[in-house]
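Residue numbers (the working numbering), protein chains in the order written: chain C, 318 to 759; chain A, 318 to 759.
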C-alpha cells in the first residue's frame, strides 16, 4: 500500500525595495519567492494504517506574489491577494458587523503593491489599483503563515488542545466548580468551560435544589440545544418510556442521541435527588484515550470502528410528537487530520440495519465488544450528590449508570440540558478576549 | 499515485440442514459460506482525483457464521451474531422504547443456531444458549445485506436521493405549496418536505400577513434551530448592524452561518413586505450542481475547495450577548463516500486567518473566484412576493439578494427561521411510515 506525503521546498531571493528612515521605522524587505513542491512516496509501517490527507495538486507560486515583512524580529510572508482582500479600512471591512464588505465582482486576484511602508505598529500598503491599506503588526503576526504562528493562533483562539485521561488519571483531572462563582465571576466561568473543553468533564457543586437552577448556568453560555426530548429533560424511572434512560435498570455505557447528525455537544445533568440505595453510580470513560489505545494495540479493530458506518436510530413519540431519527456514522469519527472528532456509541440506539458489507459484520462486532470492554476498563466510577451538575462532552465521553432500586421512598431524579460546542467555544473566546486583552486577535 | 480497490470473492457450499413440510413452509437452506477478500491495485485516470475510501483490513468469514434464508424467492444471508443481537423478543427489545435492551456483558459473539424453521411470515431460530428468536420476513428482507436491498433501504427510509439543477432547470423543479394545505394535510406536508430534500428548494405561498405565521409551519416539522441571532430573525435594513444581511446593499451569494459547526440546515424566509423598488431579487444556486461541474471541468480547483480548510467567523453582540464563532471547514465538504455533504460560502464571514499552507493561498483564491462565478452563472433569479415563504437547504444552496432602495415608503421585511435536517428527515420518515404503511420498516 502506498501513501503520498507532501513536502515543500522553498528558495528565497531577497530584494529590498524600499527603505524609510525615521524614529519608528525598521528595515523591511519585499522578497521574491520561488517555491516548488514535490511528493515523497514512502511506505508506512504496518501499524500506521490511518489515512494521510494530502494535497494532490502541484502548485508553483508566482515569483512576485508574496510580501515579506519583519515583525518584532521575525520575517513573515503574506500573499498579496490575501493582504488586499483583508484590508481593514471602512470601505473593505464593516466595523460593527466585523465583516469583509469588499465587492468580489470587482476584486483583482492579481493585485500588486505599489508602495509599502512600515512603522512600529503598522504596515501601510498602497496597491496598484490606488487603494491604500493599513495593517496592525500584531494582527498580521497573529495571522502569520508559518506553522508555529498557525499553531499558536489555533491554540490561542480556535480551540484549546484536548488532554486524554483514564480511570487512574481521573481524580486529578476531575475539576470541581462552585455554582455561585460561575454565575458571578468571568474567571470562574472561563475556568469551568476551559476544563470542560480540555478534559471533556467538569463538575459544578452547590447548585440550589430547584428544577430551574440549571437555567442560570446555561444562560451564562447561551442557550440549550433543543431535541425531540425537549429543551430540558427529566431523568427518572418511567415504566412505559420512550427512552431506556428513563428506566432504573443498568444503563450501559453510551453517548446520548447518536442518531442526531447534530448530536448534542455537552450534557449537563443536575442531580436533584440521588438514590440512597446501593447502585446509581456514574461511569465515565474518555473515548479519545480508548481510541488512541486501540489505534496502538488493536489497529485493525480501530480501523473498523473508524471506517464502518453504523445506523443510529430512535423511533417513538414524546409529548405527542412522533420522531424517527436515523444517522449514519462510525463509532469513532475522524476529522480531515485523522484526529477523533466525534464518538457514537449506544447499544439500545444502534439500529438493526447494518449499512456495510456482510463480511465486516462479525469483525465489527468483535471490535465493538473490545471497544466497550476497554471503556469499562478505563472508565472512572463515582456517584454524584444532590446539588451537583455533572457536565461532560457527549461526543467524546461514554457515560453510564449502575442499576438502582426504585421505590416510593428511594427515588433518583436528574434534570438534564444539552448545550452545543458552537456556543461553548464562542463563550470561551469572548471570555478569553475580555480576560487576556491581547492585541491583534480580532 | 496508487489507489487500493476492494474486491470481494465468495464461494458458496450449500448444505440443507433442516426442512419442514406443511401448509406455509418453504424450503430453506443453511449455507456454508467461505469468502476471501483481495485487493486489486489499479491506476486511476488523471481526472479521477477523488479519494476512494477503502477497507484496508483482510477478513475471512468463518465458514459457519452466516444463515441463508429464502425470502419471497430471494436467497439472503444473515450473520448469526447480527441475528441474535437483533432478536425482537421482549427480553432483548424494549417495545415502547423501540430499543435493544440485550445485556452486552453477557452476549456471546460466537452464538450459533441450534434449530431453524420458517413459515410464510416469520423465521424462527433457537440458539445454542437456549434463547428463541422470531423474525418477520419483511423486516429481515428490508435489512438484507445485498447491495440492492441496502440501496432500497437507504432510499426508502434513510434519505431521499438529491437531484441537482441549474438556472435552466429551475422553473421545472421550483415547486409551490399552499400554506393551509401544508398545515392541514399530511400528503401536502410530506410533498413539501420531500421536494425540499430532493431539490433543496421549495416555496410556500398564501402565508398570512403575520410575524408568527411561520411558526405553524415550523411546528409541523418540530422546532427551530436557535442561534445567537435568536429563535427567529427579522431581515430588514438596520444601519448599525451586527450582520451584513441587515443592510440594503447588494448581498453577495452565501450560505448562512458557515461559522457554526452545526450550521442551520434549512432556511425559511417569510416575505412580509417586498420592496416596490427595482432590486431586492433573490438569487439561488445549487452548489451540488456547481461542485459536480467543477469536478469535471476544473478538477484541481475542485480538489482545492474540497481539501483546504477555511476559517469561517462571526464576532459581535446581539441583544446584549457577545459571540465569537469560528469554524474550520472547506468550501465543499465531502462525506466518507466522496459525496458533497455541506457547502460553506460567505465572503463577509470568511475569517482573515488562513489555516493552510501559504503556497495554496493564491490557487485557492482563484478556485474561490471560479466557484463564485459559476454559482452566479448557474444561479436562478426571481423575486418573492408578500405571503411567500422561501425554503431552501442552507448547507447546499447559495443565496443572495440584489441591492434595493430603502426608504420610509419603500421597505422590505422578512421573518426568518432555521430548521435542522435532523428534524426534517425525521418528520419525512414519520409521514412516510404513516402514508405508505409498508410492513417491516420498524
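Glycine is no exception: its CB is placed at the ideal position from the N, C-alpha and C atoms.
Considering only their Cβ atoms, is the gap separating residue 631/A from residue 576/A smaller than 8 Å? In the second chain, residue 576/A corresponds to position 259, counting from 1. In the second chain, residue 631/A corresponds to position 314, counting from 1. Taking a C-beta distance under 8 Å as the contact criterion, residue 576/A and residue 631/A qualify as a contact pair.
Boundaries of the alpha helix (DSSP H) in which residue 604/C is found, first to last residue: Taking the first chain and counting its residues from 1, one reaches residue 604/C at position 287. Per DSSP, residue 604/C belongs to the alpha helix (DSSP H) from 604-614.
What residues from chain A crowd round residue 633/C, counting only those whose CB sits closer than 8 Å? Numbered from 1 along the first chain, position 316 holds the residue referred to as residue 633/C. Result: 413, 414, 415.
Just how far apart, CA to CA, sit residue 404/C and residue 435/C? Within the first chain, the letter at position 87 stands for residue 404/C. Within the first chain, the letter at position 118 stands for residue 435/C. Rounded to the nearest angstrom, the gap between the Cα atoms of residue 404/C and residue 435/C is 15 Å.
Based on DSSP bridge pairs, tell me the residues matched to residue 544/C. Counting from one through the first chain, the residue named residue 544/C turns up at place 227. Answer is 547/C, bridged to residue 544/C.
Against chain C, which members of the region 420-436 of chain A pass a CB distance test of less than 7 Å? Against chain C - using a Cβ distance shorter than 7 Å - the residues of the region 420-436 of chain A are 421, 426.
Let me know the secondary structure DSSP gives residue 742/C once reduced to three states. Translated into positions along the first chain, residue 742/C becomes position 425. Helix, per DSSP.
DSSP three-state label for residue 498/A, please. On the second chain, position 181 is the one that residue 498/A refers to. Here residue 498/A sits in helix by DSSP.
Any non-hydrogen atom of the ligand NAP within 7 Å of residue 712/A CB: No copy of the ligand NAP occurs in the structure displayed, which carries no ligand at all.
Could you please give the first and the last residue of the uninterrupted alpha helix (DSSP H) stretch that includes residue 685/A? For the purposes of this step, residue 685/A is taken as the residue at position 368 of the second chain. Boundaries of the alpha helix (DSSP H) around residue 685/A: 678-695.
Against residue 686/C, what residues of chain A qualify as contacts under a CB-to-CB distance less than 8 Å, listed in chain order? If you number the first chain from 1, residue 686/C lands on position 369. In chain order: 421, 424, 426.
Using the Cβ count rule (16 or more neighbours within 10 Å means buried), how would you classify residue 488/C? Within the first chain, residue 488/C is the residue found at index 171, counting from 1. Exposed, since its Cβ has fewer than 16 Cβ neighbours within 10 Å.
Using a Cβ-Cβ cut-off of 8 Å, state whether residue 388/C counts as contacting chain A. For the purposes of this step, residue 388/C is taken as the residue at position 71 of the first chain. No - not a single Cβ of chain A is within 8 Å of the one on residue 388/C.
In terms of residues, what are the limits of the alpha helix (DSSP H) holding residue 535/C? On the first chain, residue 535/C is found 218 positions in, with the first residue counted as 1. DSSP places residue 535/C in the uninterrupted alpha helix (DSSP H) bounded by 530-538.
Quick check on residue 398/A - is its C-beta less than 8 Å from some C-beta in chain C? Numbered from its first residue, the second chain carries residue 398/A at position 81. Yes - at least one Cβ of chain C is within 8 Å of the one on residue 398/A.
For the candidate residues 681/A, 582/A, 536/A, 502/A, whose alpha-carbon lies nearest to that of residue 398/C? Along the first chain, one-based indexing puts residue 398/C at 81. Per the Cα distances, 681/A.
Suppose the cutoff is 8 Å on Cβ atoms and the five residues either side in sequence are ignored; what does the same chain contact list for residue 449/C look like? Against the first chain, residue 449/C aligns to sequence position 132. Around residue 449/C: 406, 441, 442, 443.
Taking buried to mean at least 16 other C-beta atoms within 10 Å of its own C-beta, is residue 665/A buried or exposed? Your numbering for residue 665/A matches position 348 in the second chain. The residue in question, residue 665/A, is buried, as its Cβ has 16 or more Cβ neighbours within 10 Å.
Using a Cβ-Cβ distance under 8 Å, would residue 670/A count as near chain C? Position 353 of the second chain, counting from 1, holds the residue named residue 670/A. For residue 670/A, the answer is yes, since a Cβ of chain C falls inside 8 Å of its Cβ.
Proximity winner among 604/C, 569/C, 439/C, relative to residue 479/C (alpha-carbon distances): Mapped onto the first chain, residue 479/C falls at position 162. Put simply, of 604/C, 569/C, 439/C the residue whose alpha carbon is nearest the alpha carbon of residue 479/C is 604/C.
Beta strand (DSSP E) segment containing residue 466/C, residue limits: Looking up residue 466/C in the first chain gives position 149. Element bounds for residue 466/C: not the beta strand (DSSP E) but the alpha helix (DSSP H), 464-470.
Closer than 7 Å by C-beta to residue 678/A: which residues in its own chain qualify, once you throw out the five before and the five after it? Chain order, please. Locating residue 678/A in the second chain gives position 361, where the first residue counts as 1. Within the same chain, residue 678/A has close Cβ partners 671.
Check the Cβ of residue 759/C against every Cβ in chain A and list those closer than 7 Å, keeping chain order. Along the first chain, read from residue 1 onward, the residue named residue 759/C stands at position 442. Here the neighbours are 632.
Please list the partners that residue 583/C has in chain A, where partner means a Cβ-to-Cβ separation under 7 Å. In the first chain, the residue the question calls residue 583/C occupies position 266. Contacts between residue 583/C and chain A, judged by CB atoms closer than 7 Å, are missing: the closest CB pair is about 12 Å apart.
Exposure label - residue 433/C; buried when at least 16 CB within 10 Å: Looking up residue 433/C in the first chain gives position 116. Looking at its Cβ environment, which holds 16 or more other Cβ atoms inside 10 Å, residue 433/C is buried.
Within its chain, find whatever has a CB closer than 7 Å to the CB of residue 438/A; leave out the 5 residues flanking it on each side and keep chain order. Translated into positions along the second chain, residue 438/A becomes position 121. So the list reads 453, 454, once near-sequence residues are dropped.
Tell me whether residue 656/A sits in a helix, a strand or coil according to DSSP, three-state version. Looking up residue 656/A in the second chain gives position 339. Residue state, collapsed to three classes: coil.
Per-residue DSSP class, three states only, for residue 505/C: Here residue 505/C refers to the residue found at position 188 of the first chain. In the three-state reduction of the DSSP assignment, residue 505/C falls in the helix class, which pools H, G and I.
Quick check on residue 339/A: buried or exposed, where buried means 16 or more other Cβ atoms within 10 Å of its Cβ? As a working note, residue 339/A is residue 22 in the second chain. Below a pLDDT of 50, predicted positions are generally treated as unreliable, and residue 339/A, at 29, falls in that range; the measurement from the model is reported next regardless. That one is exposed.
Measuring CA to CA, which of 590/A, 574/A, 589/A is closest to residue 583/A? For the purposes of this step, residue 583/A is identified with residue 266 of the second chain, where counting begins at 1. Comparing Cα positions, the closest option is 574/A.
Taking residue 454/A as part of the alpha helix (DSSP H), name the residues at either end of that continuous run. Position 137 of the second chain, counted from the first residue, corresponds to residue 454/A. Counting along the chain, the alpha helix (DSSP H) containing residue 454/A begins and ends at 454-459.
From the DSSP output, in three-state form, read off residue 388/C for me. The residue you call residue 388/C lines up with position 71 of the first chain. Three-state result, residue 388/C: strand.
Could you list which residues in chain C have their beta carbon closer than 8 Å to that of residue 638/A, in chain order? One-based indexing of the second chain puts residue 638/A at position 321. Within 8 Å Cβ-Cβ: 539.
Comparing C-alpha positions only, which one of 459/C, 640/C, 594/C, 614/C sits nearest to residue 738/A? Locating residue 738/A in the second chain gives position 421, counting from the first residue. If we check each option's Cα against that of residue 738/A, 640/C comes out closest.
On the premise that residue 718/C lies in contact with residue 764/C, defined as a C-beta separation below 8 Å, what is that separation, rounded to the nearest angstrom? Examination of residue 764/C is not possible in this model, given that chain C is present from 318 through 759 alone.
For residue 590/A, report the span of its beta strand (DSSP E) as first-last. Within the second chain, residue 590/A is the residue found at index 273, counting from 1. Taken as a continuous stretch (DSSP letters only), the beta strand (DSSP E) holding residue 590/A covers 583-590.
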